[in-house]
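Chains as they are written, first to last, in the numbering used here: chain A, 185 to 386; chain B, 185 to 386.
Built from N, CA and C at the ideal position, the CB exists for glycine as well.
2 protein chains.
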Amino acid sequence: MTEKRQEKRQELRTRLIEAARDRIAAGGLRGLRARDVTADAGCALGGLYTAFADLNELVIHVNSDTLRRLGEAVAEASAGIEEPGTKLKAMALAYLAFARTHNALWLALFDTTMLADVEIPQWHKDDQAGLIDGIARTLAAISPDMDEDARQRRARTLFAAVHGIVSISLEKRFIGLSGDHLEGELESFVDLVARAPTPLNR
Amino acid sequence: MTEKRQEKRQELRTRLIEAARDRIAAGGLRGLRARDVTADAGCALGGLYTAFADLNELVIHVNSDTLRRLGEAVAEASAGIEEPGTKLKAMALAYLAFARTHNALWLALFDTTMLADVEIPQWHKDDQAGLIDGIARTLAAISPDMDEDARQRRARTLFAAVHGIVSISLEKRFIGLSGDHLEGELESFVDLVARAPTPLNR
DNA sequence: AAATGATTTGAACAACGTTCATTATCTGCT
DNA sequence: AGCAGATAATGAACGTTGTTCAAATCATTT
Chain A
185 MTEKRQEKRQ
195 ELRTRLIEAA
205 RDRIAAGGLR
215 GLRARDVTAD
225 AGCALGGLYT
235 AFADLNELVI
245 HVNSDTLRRL
255 GEAVAEASAG
265 IEEPGTKLKA
275 MALAYLAFAR
285 THNALWLALF
295 DTTMLADVEI
305 PQWHKDDQAG
315 LIDGIARTLA
325 AISPDMDEDA
335 RQRRARTLFA
345 AVHGIVSISL
355 EKRFIGLSGD
365 HLEGELESFV
375 DLVARAPTPL
385 NR
Chain B
185 MTEKRQEKRQ
195 ELRTRLIEAA
205 RDRIAAGGLR
215 GLRARDVTAD
225 AGCALGGLYT
235 AFADLNELVI
245 HVNSDTLRRL
255 GEAVAEASAG
265 IEEPGTKLKA
275 MALAYLAFAR
285 THNALWLALF
295 DTTMLADVEI
305 PQWHKDDQAG
315 LIDGIARTLA
325 AISPDMDEDA
335 RQRRARTLFA
345 AVHGIVSISL
355 EKRFIGLSGD
365 HLEGELESFV
375 DLVARAPTPL
385 NR
């Protein structure tokens, strides 16, 4: 029975990921301490390094979990909406809502400092691709004649732009749109980009 | 003569800021060490804490310097261009170029982890406002009948969206637009938003 | 039950930001 | 110029951090 070994190991990993997630959610990525996480997960300090190579690797797993939840939230909020423009707006608003509700976890997704030199595994990039594909598929309903490459580019542009608006606005250190008009601005902005002709310019 | 004191103090401050800037540019905000900075600036470790309250406060000063340089780069690249649309595109491309050339310093501007709990001083926010005002003034040439509030909002939306596109694309950890199409996509995107009717929606 | 191999443990380590008693320096007054 | 009082610079020391690794513990097989 080498199964019990694997089970125990996987159990520890998920316990650590959950503990890290809760700690990040409560105190930000900055406040994440190896000693706190291991205490919460009920293992010794060194146990973290038997389950993961690094604190960074643990954070990447938390981020992947967050990305999955974010994808689900966006998908749920826009499920059952046929009109593509309305659907895209619902997706953008769901993105904003998630960033607000799970702010620390969402911030950790884009933190550059802590994960600077780490190579991001492929399965995490796949999770990201899922988000973009959802946008691309909805765009296809608006402009069926757009070729696949252009659609992918447009989807990425739209995602990045929405992310920028949400990102700068929620950041207290930087001057962005005020909270009151944010939803409205976001909606009309998505409308504008989604309905833009193909190709965008000229 | 209490001047000599003030001079020496200010000299040390600028030496520390320059040293910190070079260190961040070379090794990222993550690689910034109090001992390295003070060694480069030619003072003792404790000297940093006579000139600044914190390493964070030093970073804020570096960031303000970076923001000023960024503003200058954008202003220079778009100076003398009368046609507002072309001007805005030039500004966006200059923003992208700056983010590429001074990547680590630009990243430090938006780093959330290191400066999480620090209150950002007003003079730094003023530097930020300058950037937005430049965009708002150019927008005024495109839509003279837009009222001031709407123009400010549009300027912030445009800045944030461009920032998002640049940000996500330059981040290797996240899937963004590929480097080849980036300039082109950015140009047509700015065109689209800048020429959008007032108000954006409906 | 004993032996063997894998895993968990937590004390120890190096590196970090920050502090503070000590030392050095400058300023204003005689 | 010389001295006293304030002011600033110094770097050893402190508390915390992520990470390591010899020792202890546990699981599996003989």
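query                                                                                                                       : result
Contacts that Gly314 (chain A) makes with chain B (C-beta to C-beta distance below 9 Å)                                     : By Cβ distance, chain B contributes nothing, its closest Cβ being about 11 Å from Gly314 (chain A), past 9 Å.
Ala283 (chain A) to Glu195 (chain B) span [Cα, whole Å]                                                                     : 42 Å
Close beta carbons around Met259 (chain B), own chain, < 8 Å, minus the five adjacent residues each side                    : The displayed chain sequence assigns Ala, not Met, to residue 259 (chain B). Same-chain partners within the cutoff: Gly318.
Three-state secondary structure assigned by DSSP to Ile326 (chain A)                                                        : helix
Own chain partners of Leu272 (chain B) with C-beta closer than 6 Å, once the 5 adjacent residues on each side are dropped   : Thr322, Val374 and Ala378
Helix, strand or coil at Ser262 (chain B) [DSSP, three-state]                                                               : helix
Any chain B beta carbon closer than 9 Å to Asp355 (chain A)                                                                 : Contrary to the premise, residue 355 (chain A) reads as Glu rather than Asp in this sequence. Taking Cβ atoms only, chain B reaches closer than 9 Å to Glu355 (chain A), which makes this a yes.
Cβ-based burial, Leu229 (chain B) [other Cβ within 10 Å; buried from 16]                                                    : exposed
Reduced DSSP secondary structure (H/G/I, E/B, other) of Lys271 (chain B)                                                    : helix
Residue-chain proximity (Phe358 (chain A), chain B), Cβ-Cβ < 9 Å                                                            : yes
Local conformation of Arg337 (chain A) per DSSP, three classes                                                              : helix
Member of A:Ala261, A:Ala210, A:Leu200 and A:Leu251 whose CA lies at the smallest distance from the CA of Ala237 (chain A)  : A:Leu200
Where Thr341 (chain A) meets chain B, residues with beta-carbon distance less than 8 Å                                      : Ile349, Leu361, Glu369 and Phe373
Beta carbon of Met330 (chain A) nearer than 9 Å to that of Arg340 (chain A)                                                 : no
Short CB-CB distance (under 9 Å) between Lys309 (chain A) and chain B                                                       : yes
Interface positions of the region 218-252 of chain A facing chain B (Cβ-Cβ less than 8 Å), listed along the chain           : none
Outcome for Arg193 (chain B) when other beta-carbon atoms lying within 10 angstroms are tallied against a minimum of 16     : exposed
Contacts that Met298 (chain A) makes with chain B (C-beta to C-beta distance below 8 Å)                                     : Arg214 and Thr297
Cβ neighbour criterion (16 or more within 10 Å) applied to Ser142 (chain A)                                                 : Outside the displayed span of chain A (185 to 386) sits residue 142 (chain A), for which this structure offers no information.
First through last residue of the alpha helix (DSSP H) which encompasses Phe236 (chain A)                                   : Per DSSP, Phe236 (chain A) belongs to no alpha helix (DSSP H) and is neither H nor E.
CB contact check: Ala294 (chain B) to chain A, cutoff 9 Å                                                                   : The residue asked about is misnamed: residue 294 (chain B) is Phe in this sequence, not Ala. Chain A, which has a Cβ nearer than 9 Å to the Cβ of Phe294 (chain B), makes this yes.
Ala261 (chain A) versus A:Ala274, A:Leu315, A:Gln306 and A:Ala209, residue with shortest Cα-Cα distance                     : A:Ala274
Alpha carbon of Glu332 (chain B) to alpha carbon of Val221 (chain A), nearest angstrom                                      : 50 Å
Residues, ordered as in the chain, of the region 312-337 of chain B that lie near chain A by beta-carbon distance below 7 Å : Gln312, Ala313, Ile316 and Arg337
Reference Arg252 (chain B), options B:Ala223, B:Ala218, B:Leu293 and B:Leu216, closest by Cα                                : B:Leu293
Whole-angstrom distance between Gly231 (chain A) and Leu239 (chain A), CA atom to CA atom                                   : 11 Å
Residues that Val258 (chain A) contacts on chain B, provided the C-beta gap is smaller than 9 Å                             : Under the 9 Å cutoff, chain B gives no residues; its nearest Cβ is about 16 Å from Val258 (chain A).
Residue-chain proximity (Ala345 (chain B), chain A), Cβ-Cβ < 9 Å                                                            : yes
Reference Gly215 (chain A); option with closest CA among A:Arg197, A:Ala288 and A:Gly269                                    : A:Ala288
Simplified DSSP assignment, three categories, for Leu254 (chain B)                                                          : helix
CB of Ala281 (chain A) within 9 Å of CB of Glu371 (chain A), strictly                                                       : no
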